[in-house]
Every structure is written in structure tokens, then in C-alpha cells.
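Final position of the sequence shown in the working numbering is 183; the numbers increase by one with none missing. Note sheet for the following structure.
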Amino acid sequence: MVNILLVDLAYDIQGAKGMAIVLTIMALFVLLSDYKLLINYFI
141 MVNILLVDLA
151 YDIQGAKGMA
161 IVLTIMALFV
171 LLSDYKLLIN
181 YFI
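Structural data, given as C-alpha cells:
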């Protein structure tokens with residue numbers, strides 16, 4: 141999701157910037173709030 145955000149910022153895509161920022165923040169929140177479950181999933 142960070143890739144999408146960086147591409148939107150690099151190419152200055154106005155319509156997609158807001159949604160990419162929201163999705164990136166949501167993904168980081170889920171990742172940081174359930175990091176123990178995430179670690180157990182991959183190990």
C-alpha cells in the first residue's frame with residue numbers, strides 16, 4: 141500500500157491520493173495493533 145501511495149504522490153494523481161493515504165493509515169493501524177498475531181502467523 142505504501143507503493144500505491146508513493147506512485148500517487150510521484151505522478152501527482154489527485155483523485156487517488158486521499159484514498160491511498162486512508163488505506164495506508166488503516167493498514168498501519170491494523171499491522172501495529174495486531175503485531176503479535178502477525179508474528180504468530182508467519183512463524
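Glycine residues also receive a C-beta, built at the ideal position from the N, C-alpha and C atoms.
inquiry  = Let's test the definition: count the other Cβ atoms within 10 Å of the Cβ of Ala160 and tell me whether it reaches 16, buried, or not, exposed.
reply    = Counting from one through the sequence shown, the residue named residue 160 turns up at place 20. Buried: at least 16 other Cβ atoms inside 10 Å.
query = Between which two residues does the alpha helix (DSSP H) carrying Asp148 extend?
reply = On the sequence shown, residue 148 is found 8 positions in, with the first residue counted as 1. Note, Asp148: alpha helix (DSSP H), Val142 to Tyr151.
task = Just list the alpha helix (DSSP H) runs in the region 150–176, keeping only unbroken ones of 4 residues or longer that don't cross its boundaries, in chain order.
result = 154–173
request  = Determine the contact status of Leu178 and Leu171, defining contact as a CB-CB distance below 8 Å.
outcome  = Against the sequence shown, residue 178 aligns to sequence position 38. Against the sequence shown, residue 171 aligns to sequence position 31. Result yes, Cβ atoms of Leu178 and Leu171 sit closer than 8 Å.
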